[in-house]
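Protein sequences appear in the order of chains A and B. Under the UniProt record's numbering, the first residue of the first sequence is numbered 1, with each subsequent residue one higher. Under the UniProt record's numbering, the first residue of the second sequence is numbered 1, with each subsequent residue one higher. No residue lacks a Cβ here, since even glycine has one placed at the ideal position from N, Cα and C. Only a predicted model underlies this, so the values are computations on that prediction, with no experimental measurement involved. One structure below.
Number of protein chains: 2
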Amino acid sequence: MDMNSGIKRRAMLKGAVAGTALAAPGAGIAADGMAKVKAAIAANHDAAVARLQEWIRLPSIAAEDRGYPEGPEHMQRLALDAGFQHAEIIPSKGKPGVFATLDAGAKKTLGIYFMYDVKQFDPSEWEHPPLAAKLVDKPGFGKVIVGRGAVNQKGPQATFLAALHAMKAAGRTLPVNLVLIAEGEEEIASPNFHEIVTVPKVAAALKKTVGVIIPTGWQSPATGGVTLALGAKGAVEFELTVSGEKWGRGPRGDIHSSEKARVDSPPWRLVAALSTLVSKDGNTVTIDGIQEQVAPLTARQKQLIAMTAANTSEADAKKALGVERWIDDMSWEESMIRLAQVPTVNIQGLVSGYMGPGGKTVLPGRATAKIEMRLVPDLTKEDTLAKLRAHLDKRGFSDVEINVTGGYGPTQTDEGSALIRAELATCERMGVKATLHPRLAGSWPGVIFTGPPLNLPAGQFGFGHGSGAHAPNEYFVIESSNPKVLGMDDAAYGFVDFLYQVAATG
Amino acid sequence: MDMNSGIKRRAMLKGAVAGTALAAPGAGIAADGMAKVKAAIAANHDAAVARLQEWIRLPSIAAEDRGYPEGPEHMQRLALDAGFQHAEIIPSKGKPGVFATLDAGAKKTLGIYFMYDVKQFDPSEWEHPPLAAKLVDKPGFGKVIVGRGAVNQKGPQATFLAALHAMKAAGRTLPVNLVLIAEGEEEIASPNFHEIVTVPKVAAALKKTVGVIIPTGWQSPATGGVTLALGAKGAVEFELTVSGEKWGRGPRGDIHSSEKARVDSPPWRLVAALSTLVSKDGNTVTIDGIQEQVAPLTARQKQLIAMTAANTSEADAKKALGVERWIDDMSWEESMIRLAQVPTVNIQGLVSGYMGPGGKTVLPGRATAKIEMRLVPDLTKEDTLAKLRAHLDKRGFSDVEINVTGGYGPTQTDEGSALIRAELATCERMGVKATLHPRLAGSWPGVIFTGPPLNLPAGQFGFGHGSGAHAPNEYFVIESSNPKVLGMDDAAYGFVDFLYQVAATG
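Structure (structure tokens):
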């Protein structure tokens with residue numbers, strides 16, 4: 001997921017909904033059944049850890065075309081082993097998805113979204129090899145597994161699978177049917193996931209669900225709390241490129257820089273085009289028609305943000321980010337509102353000409369800005385890109401290329417939906433404090449479920465803890481030494497309980 | 001030298017001054033003396049080529065801190081071997097210079113400028129290893145030496161040394177005294193050469209000269225002509241950097257891009273700062289006070305440019321550059337005038353955040369534009385940098401760092417100076433057509449000689465041919481199969497003749 005671990009951590013602090021008792025018996029599963037499932041989880045612990053280790057050792061990285069078709073094939077086997085009666089690979093223009101169904105003869109069906117791909121990594125930056133999936137003692141956390149994908153997202157997903165294996169081992173029928181849809185391009189912004197989800201049989205199966213979750217393990221190590229996000233911004237990633245070739249002015253390749261006196265410059269043209277996209281301070285999107293599409297936050301959304309702001313530490317956040325001031329020196333609460341409220345145009349990277357040490361006397365033939373825009377309702381990916389194209393064309397920049405590498409619009413789920421209520425009920429039964437957050441600034445392709453034609457509730461959900469997504473030394477807690485954080489077994493039990501809450505929530 | 005080979009080639013076409021007879025006897029050296037020197041050059045041919053090969057095999061590259069102190073020590077030996085009675089290494093804050101004097105008891109003294117360093121190279125791009133100094137047959141050119149520094153500048157400099165060796169072997173006293181000053185940082189824009197030249201004994205020795213030349217070998221293969229440049233633009237290279245650290249806003253390192261909503265962006269600030277430096281089309285410098293310092297070209301300068309324009313091919317130039325249109329669709333002559341006339345701000349490179357394939361969701365903590373400005377009279381390096389600083393400060397960009405990596409102001413030499421007249425006379429005697437060019441768009445540190453306190457005439461001069469400066473497969477012609485171009489021996493004789501012309505020109 002393209003989530004900001006800084007946000008994750010802060011947003012998980014104690015908030016709006018307080019849990020009461022740990023693993024209280026209740027709706028849908030009797031105390032003796034609960035004990036049997038817990039025993040099965042414990043008995044299956046080593047197998048569940050070994051399953052996670054095996055998965056981490058098989059990385060699929062779309063940006064590097066690595067681990068295909070092994071990744072989807074493995075995903076298919078994981079589903080079948082966990083009790084899905086049907087699992088098939090769904091081809092796409094890019095990397096394939098995996099579609100699986102588990103018919104438990106239940107009234108309700110839950111959708112599960114997995115990503116089987118992981119982010120790129122540089123082994124030289126890691127303390128332990130990123131594919132070794134080594135179990136190590138992490139002071140203050142307990143026994144953790146270290147490896148690429150540990151928390152993002154194989155650890156939490158393997159925890160969900162462990163719940164299914166335990167139910168099977170305990171001889172229990174699931175209280176809900178399951179529809180699993182997995183993709184292998186999440187880390188490159190899901191460019192083909194929409195295509196996979198709209199395959200008729202996949203769409204039809206998902207349409208029957210009460211909503212979709214992706215398993216997560218984001219308990220706060222400080223409080224044990226989790227955030228239940230009701231939405232997330234969308235993200236569109238693209239490159240803006242000026243080249244002499246397309247422009248018909250300037251050089252086709254790099255030429256001697258003294259020619260600048262009489263030859264037009266692609267990087268200067270890129271600077272001119274970029275400067276029309278945002279206000280002079282870089283903070284307000286000025287692309288024609290974008291601001292008009294922004295739906296303001298509701299009073300309830302602002303209330304939820306204010307509660308989170310009141311219970312979290314601005315100083316900690318600034319320290320974690322290495323930031324001294326927010327934009328316009330705004331307050332902590334204002335900064336959190338802005339994080340949820342505004343669309344952005346961010347420069348991820350600039351690439352042109354000579355980029356080594358010192359200088360080199362070239363007039364570059366090409367310049368690229370790597371951009372990503374974050375979108376809020378009611379902006380959509382397609383409409384935003386169309387507005388950007390029109391904005392550039394209107395200003396004479398019709399030669400500036402927009403090469404979209406991926407993205408999706410914002411996602412939003414109703415606080416009153418059965419899915420969210422089942423999540424809240426599970427948190428309460430597990431004694432885990434839950435904070436509702438109206439909209440994460442990070443992005444995930446939830447809109448593929450929450451947007452048309454499916455229009456389902458969707459969100460992240462789960463217990464346990466890990467960190468280091470997209471960073472070196474990514475980890476996920478297997479055996480927790482922190483009493484506030486659940487280990488993998490307890491987190492698996494949390495998923496079992498959640499299935500019963502989904503079944504019970506009308 | 002930071003010369004544009006495209007310019008070199010074009011500017012060398014036939015022009016204002018037509019040569020008459022090849023190697024005519026005349027001022028200063030009798031026909032029998034001439035024959036003896038020519039015989040000595042021929043006898044020393046193999047030694048001269050071996051000397052050049054040995055030199056190419058010992059690269060000094062300041063940007064890579066490679067070949068020091070071997071480079072200056074070798075330069076010192078080369079000078080002593082060629083007959084300089086005194087040669088010493090002059091330390092500087094950077095790489096050392098080499099200062100040498102040859103007292104021939106003559107009335108006049110000529111200054112010689114050498115660069116013993118060469119440009120970086122990537123062996124994988126070369127047909128022959130760049131340090132092998134291999135002799136190969138190049139169709140249409142003859143026997144050439146291939147290697148880094150072959151034409152820029154070891155080949156022409158070794159040709160000049162061959163002239164001195166031949167004079168010595170022929171038992172002749174030089175008609176002029178020589179002062180040699182060599183530097184080892186020309187390819188990084190001579191950041192410390194001013195310090196070397198202003199060492200009192202060096203400055204005093206240079207002050208006695210009639211002017212300074214750097215040996216070149218830039219005869220046009222099409223016409224055999226050479227360009228005598230009366231000046232060159234200055235060049236100042238620097239990086240403009242915005243960092244969260246210096247700014248006190250934005251992140252200190254790269255952070256998750258979703259934070260853009262509430263965190264200021266160094267690359268956006270760089271874009272805003274850059275866009276104040278030039279007109280929207282990137283073609284006119286808008287830094288406060290710069291245009292006011294530009295001295296317009298004189299009628300004579302424009303006349304010289306018009307003559308060059310009339311005798312050169314616009315189509316060839318556009319093809320060589322890979323350019324379809326000049327700025328504002330101007331004419332060939334207008335483009336050549338602009339090349340000589342206007343100061344420029346060129347973006348050599350842009351560096352920020354993620355620069356690999358695809359995207360990466362970061363908000364970079366740092367952004368850098370690699371800039372070089374080309375300066376015309378009456379702009380100076382120091383004043384231009386002060387104006388840039390003031391311009392940025394006035395607009396609130398006082399945190400934008402200007403990291404100067406090197407540079408120097410423009411250089412200009414009087415067409416009527418004894419040095420230029422001696423060059424013209426030599427060309428005429430050698431039967432080589434000379435074109436006077438008022439100002440090259442490329443740059444060399446001539447201002448260190450032509451500016452205060454020395455105020456000497458200075459320019460490039462020499463015969464022979466090579467190409468590929470700063471590029472792979474750089475070469476210099478040793479034995480010419482092109483009747484219009486002199487081989488190394490004849491070019492060495494050209495230098496001998498030049499020394500006599502300097503002695504004879506009042």
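At least one CB of chain A closer than 7 Å to the CB of B/ASP497: is that the case? Residue mapping note: residue 497 of chain B aligns to position 497 of the second sequence, counting from 1. Residue-level contact by beta carbon fails for B/ASP497 and chain A, as no gap is shorter than 7 Å.
Sequence ranges, beta strand (DSSP E) only - wholly within the segment 294-366 of chain B, length at least 3: With a minimum length of 3 residues, the continuous beta strand (DSSP E) runs that stay inside the segment 294-366 of chain B are 344-353.
In chain order, what residues of the segment 342-365 of chain A put their CB closer than 9 Å to some CB of chain B? Hits within the stretch, in order: VAL342, PRO343, THR344, VAL345, ASN346, ILE347, GLN348, GLY349, LEU350, VAL351, SER352, GLY353, TYR354, MET355, GLY356, PRO357, GLY358, GLY359, LYS360, THR361, VAL362, LEU363, PRO364, GLY365.
Mapping the DSSP letters down to three states, classify A/TRP444 as helix, strand or coil. Your numbering for residue 444 of chain A matches position 444 in the first sequence. A/TRP444 falls in the coil class under three-state DSSP.
Per DSSP, A/MET488 is paired with what? Taking the first sequence and counting its residues from 1, the one referred to as residue 488 of chain A is at position 488. Paired residues: none, contrary to the question.
In chain order, what residues of the segment 184-203 of chain A put their CB closer than 8 Å to some CB of chain B? So the close ones are ILE188, ALA189.
Please confirm whether residue 523 of chain A has its beta-carbon closer than 7 Å to some beta-carbon of chain B. Beyond the ends of chain A as shown, which are 1 and 506, falls residue 523 of chain A; an answer cannot be given.
On the three-pair Cβ rule with 8 Å, is the segment 341-349 of chain B touching the segment 249-264 of chain A? Segments in contact, yes.
Quick test of the definition: if touching needs 3 or more C-beta pairs under 8 Å, does the segment 348-358 of chain A touch the segment 350-362 of chain B? yes
Please classify A/ALA390 as buried or exposed, where buried requires at least 16 neighbouring CB atoms within 10 angstroms. One-based indexing of the first sequence puts residue 390 of chain A at position 390. Exposed, since its Cβ has fewer than 16 Cβ neighbours within 10 Å.
Sort B/PRO267, B/HIS128, B/ASP288, B/ALA48 by Cα distance to B/ALA369 and report the nearest one. By 1-based counting over the second sequence, the position of residue 369 of chain B is 369. Answer by Cα proximity: B/PRO267.
Looking at the secondary structure, which residues open and close the alpha helix (DSSP H) in which A/GLN76 lies? As a first step, residue 76 of chain A must be located in the first sequence, where it is residue number 76. Segment 70-81, the alpha helix (DSSP H) holding A/GLN76.
Looking at A/GLU372: is its Cβ nearer than 7 Å to the Cβ of A/GLU237? Taking the first residue of the first sequence as position 1, residue 372 of chain A is located at position 372. Taking the first residue of the first sequence as position 1, residue 237 of chain A is located at position 237. Taking 7 Å as the Cβ cut-off, A/GLU372 and A/GLU237 qualify as a contacting pair.
Taking its Cβ as the centre, do 16 or more other Cβ atoms sit within 10 Å of residue 512 of chain B, making it buried, or is it exposed? Look at the range of chain B in this structure, 1 to 506, and you will see that residue 512 of chain B is not part of it.
Less than 7 Å separating the beta-carbons of B/LYS280 and A/ALA272? In the second sequence, the residue the question calls residue 280 of chain B occupies position 280. In the first sequence, the residue the question calls residue 272 of chain A occupies position 272. Yes, the pair counts as a contact, with Cβ atoms nearer than the cut-off.
Under 8 Å Cβ to Cβ from A/ILE112, same chain only, skipping five residues before and after it: list those, please. The count along the first sequence starts at 1 and reaches residue 112 of chain A at position 112. Within the same chain, A/ILE112 has close Cβ partners PHE160, LEU178, VAL179, LEU180, ILE181, VAL212, ILE213, ILE214, PRO215.
Note down, one range per segment and in chain order, each alpha helix (DSSP H) of at least 4 residues found wholly within the segment 430-484 of chain A. 447-450
My guess is that B/GLY409 and B/VAL447 are in contact by the Cβ rule of under 8 Å, so how many angstroms apart are they, rounded? In the second sequence, counting from the first residue as 1, residue 409 of chain B sits at position 409. In the second sequence, counting from the first residue as 1, residue 447 of chain B sits at position 447. Contact flag correct, Cβ pair sits at about 5 Å.
Whole-angstrom distance between B/VAL400 and B/THR109, CA atom to CA atom: For the purposes of this step, residue 109 of chain B is taken as the residue at position 109 of the second sequence. For the purposes of this step, residue 400 of chain B is taken as the residue at position 400 of the second sequence. When rounded, the distance between both Cα atoms is 47 Å.
List, in chain order, every chain B residue whose beta-carbon is nearer than 8 Å to that of A/THR286. Numbered from 1 along the first sequence, position 286 holds the residue referred to as residue 286 of chain A. The premise fails here: A/THR286 is roughly 12 Å from chain B at the closest Cβ pair, so nothing lies under 8 Å.
Can you list, in chain order, the residues of its chain whose CB lies under 6 Å from that of A/GLY253, leaving out five sequence neighbours each side? In the first sequence, residue 253 of chain A corresponds to position 253, counting from 1. Excluding sequence neighbours, A/GLY253 sits near GLY365.
Spatial neighbours of B/PHE498 in its chain, beta-carbon cut-off 6 Å, leaving aside the 5 residues before and after: For the purposes of this step, residue 498 of chain B is taken as the residue at position 498 of the second sequence. The answer, listed in chain order, is THR426.
Helix, strand or coil for A/GLN412 per DSSP? The residue given as residue 412 of chain A occupies position 412 in the first sequence. Strand at A/GLN412.
With 16 other CB atoms within 10 Å as the buried threshold, where does B/MET488 fall? Sequence index remark: in the second sequence, residue 488 of chain B carries index 488 (1-based). Around the Cβ of B/MET488, a 10 Å sphere holds 16 or more other Cβ atoms; the residue is buried.
To the nearest angstrom, report how far apart A/ALA294 and A/PRO377 are at their CA atoms. In the first sequence, counting from the first residue as 1, residue 294 of chain A sits at position 294. In the first sequence, counting from the first residue as 1, residue 377 of chain A sits at position 377. Just to set this straight, residue 294 of chain A is Val in the shown sequence, not Ala. Computed Cα separation, rounded: 6 Å.
Rounded to the nearest angstrom, what separates B/SER220 and B/ALA39 at their Cα positions? Residue 220 of chain B sits at position 220 when you count from the first residue of the second sequence. Residue 39 of chain B sits at position 39 when you count from the first residue of the second sequence. Taking the straight line joining both Cα atoms gives about 26 Å.
A/GLY217 and A/VAL146: beta carbons closer than 7 Å? Counted from its first residue, the first sequence places residue 217 of chain A at position 217. Counted from its first residue, the first sequence places residue 146 of chain A at position 146. For A/GLY217 and A/VAL146, no; Cβs fall outside 7 Å.
Cutting at 7 Å between CB atoms, please list the residues of its own chain near B/LYS360, excluding the five before and the five after it. Working through the second sequence from its first residue, we reach residue 360 of chain B at position 360. Listed in chain order, the non-local C-beta contacts of B/LYS360 below 7 Å within the same chain comprise TYR354, local neighbours out to five positions each way being set aside.
7 Å Cβ cutoff met for B/SER190 and B/PRO445: Within the second sequence, residue 190 of chain B is the residue found at index 190, counting from 1. Within the second sequence, residue 445 of chain B is the residue found at index 445, counting from 1. Cβ atoms of B/SER190 and B/PRO445: closer than 7 Å.
Which residues in chain B have a C-beta closer than 8 Å to the C-beta of A/SER275? List them in chain order. Start at 1 with the first residue of the first sequence, and residue 275 of chain A comes out as number 275. Scanning chain B for C-beta atoms nearer than 8 Å to the C-beta of A/SER275 yields VAL271, ALA272, SER275, reported in chain order.
Please tell me whether A/ARG395 and A/THR276 are closer than 7 Å, where the distance is taken between their beta carbons. Taking the first residue of the first sequence as position 1, residue 395 of chain A is located at position 395. Taking the first residue of the first sequence as position 1, residue 276 of chain A is located at position 276. Against a cut-off of 7 Å, the Cβ pair of A/THR276 and A/ARG395 comes out as a contact.
Among A/GLY140, A/ARG148, A/ASP117, nearest to A/GLU127 - alpha-carbon criterion: In the first sequence, the residue the question calls residue 127 of chain A occupies position 127. Among A/GLY140, A/ARG148, A/ASP117, the Cα nearest to that of A/GLU127 belongs to A/ARG148.
With 16 as the cutoff for other CB atoms within 10 Å, does B/ALA492 come out buried or exposed? Start at 1 with the first residue of the second sequence, and residue 492 of chain B comes out as number 492. When all chains shown are included, B/ALA492 counts as buried.
DSSP state of B/THR380 mapped onto helix, strand, coil: For the purposes of this step, residue 380 of chain B is identified with residue 380 of the second sequence, where counting begins at 1. Coil, per DSSP.
Counting pairs of Cβ atoms below 8 Å between the segment 402-420 of chain B and the segment 317-329 of chain B, do you hit three or more? no
So, does the segment 449-458 of chain A touch the segment 98-109 of chain A, judging by three or more C-beta pairs under 8 Å? no
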